[in-house]
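Per this note's numbering, the sequence shown starts with residue 42, numbered consecutively.
Since the structure comes first, as structure tokens, the remarks are kept for the end.
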Amino acid sequence: MPGTEGDAWERVERVVAAAGPERRVGLAASLLGTARSWGYGADEPFPAASTIKLPILVALLQDAAAGRVDLAEERPIPAAARVGGSGVLAEMSPALRLTLADLAYLMIAVSDNTASNVLLDALGPARVRRTMADCGMGRSVLGRRFLGRLPRPEEGENVTTAADLVALLAAIAEGRAASPAACAEMRRTLGLQQHRELLARRLPEGLRYGGKSGWLPGLAHDAGLIEGPGGTLAIAVLTSGFTDPIDAHEAVWSISAALIEASGVAG
Numbered sequence: 042m043p044g045t046e047g048d049a050w051e052r053v054e055r056v057v058a059a060a061g062p063e064r065r066v067g068l069a070a071s072l073l074g075t076a077r078s079w080g081y082g083a084d085e086p087f088p089a090a091s092t093i094k095l096p097i098l099v100a101l102l103q104d105a106a107a108g109r110v111d112l113a114e115e116r117p118i119p120a121a122a123r124v125g126g127s128g129v130l131a132e133m134s135p136a137l138r139l140t141l142a143d144l145a146y147l148m149i150a151v152s153d154n155t156a157s158n159v160l161l162d163a164l165g166p167a168r169v170r171r172t173m174a175d176c177g178m179g180r181s182v183l184g185r186r187f188l189g190r191l192p193r194p195e196e197g198e199n200v201t202t203a204a205d206l207v208a209l210l211a212a213i214a215e216g217r218a219a220s221p222a223a224c225a226e227m228r229r230t231l232g233l234q235q236h237r238e239l240l241a242r243r244l245p246e247g248l249r250y251g252g253k254s255g256w257l258p259g260l261a262h263d264a265g266l267i268e269g270p271g272g273t274l275a276i277a278v279l280t281s282g283f284t285d286p287i288d289a290h291e292a293v294w295s296i297s298a299a300l301i302e303a304s305g306v307a308g
């Protein structure tokens, strides 16, 4: 027999307590269309890692919906944009050109850092920051390009909170981030995410996940929409200080599983 919502939240508290003082966990979740929400350290800032790619996708599709950019436009992949870390473009042909749509796919599906830099250059950081402000990401900061490594102190940092990421996801899911068609395309793209070892680690049958994970040494984050017969859960779990990535992955999934139960999204 399924436990109560209180039982599920106690499981979340046990995961957070087990993390210990050397590790941090921030989480936020909302069952969209209801007043039900959950949070722990939801407004605590974390280095964003690749979760900051979410507002880049939103800004791009906002501009496409408004006719300011053409997703079929091809862009070169200049040396200045090519960085290591996640993705494939850094090692591909210098002559390669890709459409903005293809770059967006690579940015989300395989977290390609080079594709993200090309899109950030195409839009401009100020444009992405406007989207962040408009979509409720008031505590988040877009402070630098993607490096494929931890930044040096003088290079700045990208920062976010679990609550900010849930605010952005809710704006997408509820059709407030852009036109209905653009928001539907955002959700479709998020559903192509290939890194499913966090929120969607062992997703029950009948549930669908779309989102964006992020990781750097000591960081493991995931933010996404989990859809099921009981509605849509917008959820973000951010972690830092875990020396073993597997431990971080298991902590994120354990929290996700508890909130799936608490929310009733599985029906």
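The C-beta atom is built at its ideal place from N, Cα and C for all residues, glycine as well.
Just the Cα atoms here: how many angstroms apart are Glu-291 and Leu-188? Taking the sequence shown and counting its residues from 1, the one referred to as residue 291 is at position 250. Taking the sequence shown and counting its residues from 1, the one referred to as residue 188 is at position 147. So the two alpha carbons sit approximately 27 angstroms from each other.
Does DSSP put Arg-138 in a helix, a strand or coil? Numbered from 1 along the sequence shown, position 97 holds the residue referred to as residue 138. Note: Arg-138 maps to strand in three-state DSSP.
On a Cα-Cα basis, can you pick out the residue from Val-53, Ser-78, Leu-239 and Ala-58 that is closest to Ala-208? Residue 208 sits at position 167 when you count from the first residue of the sequence shown. Nearest option by C-alpha distance: Ser-78.
In this structure, what does DSSP give as the bridge partners for Lys-253? The residue you call residue 253 lines up with position 212 of the sequence shown. Note: Lys-253 sits in a beta bridge opposite Ala-264.
Run through the stretch 113 to 179 for me and flag every whole beta strand (DSSP E) of 3 or more residues, listed as ranges in chain order. 115 to 117 and 138 to 140
Would you kindly check if the distance between the Cβ of Thr-201 and the Cβ of Thr-92 is under 7 angstroms? Residue mapping note: residue 92 aligns to position 51 of the sequence shown, counting from 1. Residue mapping note: residue 201 aligns to position 160 of the sequence shown, counting from 1. Going by C-beta atoms, Thr-92 is nearer than 7 angstroms to Thr-201.
Once DSSP output is grouped into helix, strand and coil, what is the label at Gly-216? As a position in the sequence shown, residue 216 is number 175, starting the count at 1. Here Gly-216 sits in coil by DSSP.
Could you compute how far the alpha carbon of Leu-274 sits from the alpha carbon of Asp-111? To locate residue 274, count along the sequence shown from 1; it is residue 233. To locate residue 111, count along the sequence shown from 1; it is residue 70. Taking the straight line from one Cα to the other gives about 31 angstroms.
So what does DSSP say about Arg-190, is it helix, strand or coil? Taking the first residue of the sequence shown as position 1, residue 190 is located at position 149. Three-state result, Arg-190: coil.
In three-state DSSP terms, what is Val-110? The sequence position of residue 110 within the sequence shown is 69, counting from 1. If DSSP states are grouped into helix, strand and coil, Val-110 belongs with coil.
Cβ-based neighbour list, Arg-171, same chain, cut-off 8 angstroms, excluding 5 preceding and 5 following: What you label residue 171 is simply residue 130 of the sequence shown in a count that begins at 1. The residues are Ala-100.
Cβ shell of Leu-137 (< 6 angstroms), same chain only, five flanking positions each side left out: As a working mapping, residue 137 is identified with position 96 in the sequence shown. The residues are Ile-118.
Quick check: the Cα distance between Pro-221 and Gly-61, rounded to an integer number of angstroms? For the purposes of this step, residue 221 is taken as the residue at position 180 of the sequence shown. For the purposes of this step, residue 61 is taken as the residue at position 20 of the sequence shown. Their Cα atoms are separated by approximately 43 angstroms.
Collapsed DSSP secondary structure at Ala-292 in the structure displayed: The residue given as residue 292 occupies position 251 in the sequence shown. Reduced to three states, the DSSP call for Ala-292 is helix.
Could you name the residues of the same chain whose beta carbon sits closer than 6 angstroms to that of Ala-223, not counting the 5 residues immediately before and after it, in chain order? For the purposes of this step, residue 223 is identified with residue 182 of the sequence shown, where counting begins at 1. The answer, listed in chain order, is Leu-102 and Ala-106.
May I ask you to list the residues that DSSP assigns as paired with Ile-28? The question about residue 28 has no answer here: the residues shown for the chain are numbered 42 through 308.
Buried versus exposed call for Gln-234 [16 or more other C-beta atoms within 10 Å across all chains shown]: Position 193 of the sequence shown, counting from 1, holds the residue named residue 234. By the 10 Å Cβ count, Gln-234 comes out buried.
Contact defined as beta carbons within less than 8 angstroms: I believe Leu-257 pairs with Ala-90. What is the distance between those atoms, to the nearest angstrom? As a position in the sequence shown, residue 257 is number 216, starting the count at 1. As a position in the sequence shown, residue 90 is number 49, starting the count at 1. Confirmed, about 5 angstroms.
N- and C-terminal bounds of the beta strand (DSSP E) containing Gly-80: To locate residue 80, count along the sequence shown from 1; it is residue 39. 78 to 81 is the span of the beta strand (DSSP E), which, as asked, contains Gly-80.
So, with DSSP's three-state summary, where would you put Ser-281? One-based indexing of the sequence shown puts residue 281 at position 240. In the structure shown, Ser-281 sits in a strand (DSSP, three-state: E or B).
Coil, strand or helix - Pro-221 by DSSP: Walking along the sequence shown from the start, residue 221 turns up at place 180. DSSP places Pro-221 in helix when its eight states are reduced to three.
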